[in-house]
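Input: a single structure, listed below in structure tokens.
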Amino acid sequence: MIPFNKPYLSGNELNYIQESVQSGKISGDGLFTKKCNDFFENKYGFKKVLLTTSCTHALEMAAILINIKKGDEVIMPSYTFVSTANAFVLRGAKIVFADSSFENPNMDVTKIESLITSRTKAIVPVHYAGIACDMDSIMELAKKYKLWVVEDAAQAIESYYKGRLLGSIGHLAAFSFHETKNIVSGEGGMLVINDEQFSQRAEIIREKGTNRSQFFRGEINKYGWVDIGSSYLPSDIIAAFLFAQLEKIKDIQRKRLEIWNRYQKNLFPLVNYGIQLPFIEDYATCNAHMYYIVCKSLEQRNSLIKFLKENKILSVFHYLSLHKSEYFIESHDGRELENSDRYSDCLLRLPLFYELELNQVDLICSAILEWLKVAK
Ligand SMILES: *Cc1c(COP(=O)(O)O)cnc(C)c1O
Numbered sequence: 001m002i003p004f005n006k007p008y009l010s011g012n013e014l015n016y017i018q019e020s021v022q023s024g025k026i027s028g029d030g031l032f033t034k035k036c037n038d039f040f041e042n043k044y045g046f047k048k049v050l051l052t053t054s055c056t057h058a059l060e061m062a063a064i065l066i067n068i069k070k071g072d073e074v075i076m077p078s079y080t081f082v083s084t085a086n087a088f089v090l091r092g093a094k095i096v097f098a099d100s101s102f103e104n105p106n107m108d109v110t111k112i113e114s115l116i117t118s119r120t121k122a123i124v125p126v127h128y129a130g131i132a133c134d135m136d137s138i139m140e141l142a143k144k145y146k147l148w149v150v151e152d153a154a155q156a157i158e159s160y161y162k163g164r165l166l167g168s169i170g171h172l173a174a175f176s177f178h179e180t181k182n183i184v185s186g187e188g189g190m191l192v193i194n195d196e197q198f199s200q201r202a203e204i205i206r207e208k209g210t211n212r213s214q215f216f217r218g219e220i221n222k223y224g225w226v227d228i229g230s231s232y233l234p235s236d237i238i239a240a241f242l243f244a245q246l247e248k249i250k251d252i253q254r255k256r257l258e259i260w261n262r263y264q265k266n267l268f269p270l271v272n273y274g275i276q277l278p279f280i281e282d283y284a285t286c287n288a289h290m291y292y293i294v295c296k297s298l299e300q301r302n303s304l305i306k307f308l309k310e311n312k313i314l315s316v317f318h319y320l321s322l323h324k325s326e327y328f329i330e331s332h333d334g335r336e337l338e339n340s341d342r343y344s345d346c347l348l349r350l351p352l353f354y355e356l357e358l359n360q361v362d363l364i365c366s367a368i369l370e371w372l373k374v375a376k
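Here's what the structure looks like:
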């Protein structure tokens, strides 16, 4: 069986974990947390980052930082992971879901402005499959209506918008290192702070509402409870694992892109059958987080999943539109989000992981082209 995903291992994870353990400080903000921060801030170019226990938690921190209160409205795509919405729902926000665009699952930016009201507080673009949303349009709307922009960059490591790193454009951004992402630590995430006014408070929220981080830097002589917060910082053991991956980021990306490009080349004939392939605008890059195709119908997609499974290949569908979820359906305002629903029914993700061989990619593609012949 060709699995859908297999987490990458650099081989140094256990060495670094051992080093972290031997350093005598395995709680948060230890030796390897600093190495990871240094990587992201100095080598990579983010202004300020804080490792978190997950991307979900980084999003929750963002919702606290921009002071989301009961009744505030937050605009985001319906075609996303539950955490994008939950983080704001937990603060009492009303979520206003926007449709995806026809070309790819990113939010259709032409549909956002009509959703803005006097209660709108933030826009949360999700860079689906690591492919950039139209950030200039989104930042322009944010400026015009004085809104915050929180990038859900969970899938977007090492990807760019007009030459700018994703995660560096909104006021805040959240990344994931869950084992299904390009760079992993099992569970893990990161908050990126691009607007300096949030820097100090972010440290406090992450440290249970205390100013402990300032205390450890020697900036104050005692620490205490100064704000709301929770425990969002990962153990240094997690950071040690993550650092072993970060050192290999170029190699990981090279390999993943090779696989992604092979899929895109081999599967080109599908467009003649009305099946959509990933679409990347001129302003965006591809970070090979995911390879997906969009079938013509739910029946067609299910038939392909079954056919691939019979050929020992695991392929999986993705999100179910959040506006139609059991939790939210009663709260939705009834607008049809047709592209979101189409991706729910028709999008199919193919295996993509570091160890996948190009000849396996060829095999998967041949199986799909074979299915086209028999499945009509
Ligand atoms: C993976 C993912 C998340 C959640 O990340 P965790 O680190 O598992 O909390 C949130 N949003 C999107 C778009 C994701 O793909």
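Counting from 1, one number per residue, gives the positions in the sequence shown under my numbering.
Beta carbons: idealized from backbone N, C-alpha and C, even for Gly.
| Check | Outcome |
| --- | --- |
| Measuring straight from C-alpha to C-alpha, what distance separates residue 191 and residue 292? | 27 Å |
| Return the CA-CA distance between residue 88 and residue 328, expressed in angstroms with no decimal places. | 13 Å |
| Can you find a heavy atom of ligand 3 that lies under 6 Å from the Cβ of residue 55? | Among the ligands in the structure shown, ligand 3 does not appear; only ligand 1 can be found there. |
| From which residue to which residue does the beta strand (DSSP E) around residue 349 run? | 347 to 350 |
| Identify the continuous alpha helix (DSSP H) that holds residue 366 and give its terminal residues. | 358 to 374 |
| Please tell me whether, using a cut-off of 6 Å, the distance from the CB of residue 189 to the nearest non-hydrogen atom of ligand 1 is below it. | yes |
| Residue 304 to residue 263, Cα distance in whole Å? | 16 Å |
| On the DSSP bridge list, what partners appear for residue 164? | 161 |
| Quick one: what does DSSP say residue 395 is sitting in, helix, strand or coil? | Outside the shown range of the chain (1 to 376) lies residue 395, about which nothing can therefore be said. |
| Taking only the alpha-carbon atoms, compute the straight-line gap between residue 360 and residue 169 and give it to the nearest angstrom. | 37 Å |
| Is residue 84 near ligand 1, judged by its Cβ being under 6 Å from some heavy atom? | yes |
| Look at the alpha carbon of residue 354 and the alpha carbon of residue 7, and state the distance between them as a whole number of angstroms. | 8 Å |
| I'd like to confirm something about residue 353: is its beta-carbon nearer than 6 Å to some heavy atom of ligand 1, or not? | no |
| Mind checking whether the beta-carbon of residue 122 lies closer than 6 Å to any heavy atom of ligand 1? | no |
| Please list, in chain order, all residues of the same chain as residue 16 whose beta carbon is under 8 Å from its beta carbon, the five residues on each side excluded. | 32, 240, 241, 243 and 244 |
| With H, G and I counted as helix, E and B as strand and the rest as coil, what does DSSP make of residue 41? | helix |
| In the DSSP assignment, what residue or residues form a beta bridge with residue 176? | 189 |
| Using three-state DSSP, classify residue 73 as helix, strand or coil. | strand |
| Give the range of the alpha helix (DSSP H) segment to which residue 151 is assigned. | Per DSSP, residue 151 belongs to no alpha helix (DSSP H); it is in the beta strand (DSSP E), 148 to 152. |
| Pick helix, strand or coil for residue 122, following the three-state DSSP scheme. | strand |
| With a floor of 3 residues, list each beta strand (DSSP E) that falls wholly inside the segment 256 to 301, ordered by position along the chain. | 291 to 294 |
| In terms of residue numbering, what span does the beta strand (DSSP E) encompassing residue 97 cover? | 94 to 98 |
| According to DSSP, what are the bridge partners of residue 52? | 189 |
| Can you determine whether any heavy atom of ligand 1 sits closer than 6 Å to the C-beta of residue 176, and answer yes or no? | yes |
| Where does the unbroken alpha helix (DSSP H) through residue 312 begin, and where does it stop? | That residue, residue 312, is in no alpha helix (DSSP H); it is neither H nor E in DSSP. |
| The alpha helix (DSSP H) spanning residue 381 covers which residue range? | Any question about residue 381 goes unanswered here, given that the chain covers just 1 to 376. |
| Would you report the Cα separation of residue 357 and residue 367, rounded to the nearest angstrom? | 15 Å |
| Does the Cβ of residue 40 have 16 or more other Cβ atoms within 10 Å, making it buried, or fewer, making it exposed? | buried |
| Between which two residues does the alpha helix (DSSP H) holding residue 236 run? | 236 to 246 |
| Output the distance between the C-alpha atoms of residue 90 and residue 60, rounded to the nearest integer angstrom. | 8 Å |
| Excluding sequence positions up to five away, which residues of its chain have a Cβ less than 6 Å from the Cβ of residue 279? | 103 and 104 |
| Using only the heavy atoms of ligand 1, determine whether one of them is closer than 6 Å to the beta carbon of residue 198. | no |
| Establish whether the CB of residue 179 and some CB of chain D are separated by less than 7 Å. | The chain labelled as chain D is not found in the depicted structure, where only one protein chain is given. |
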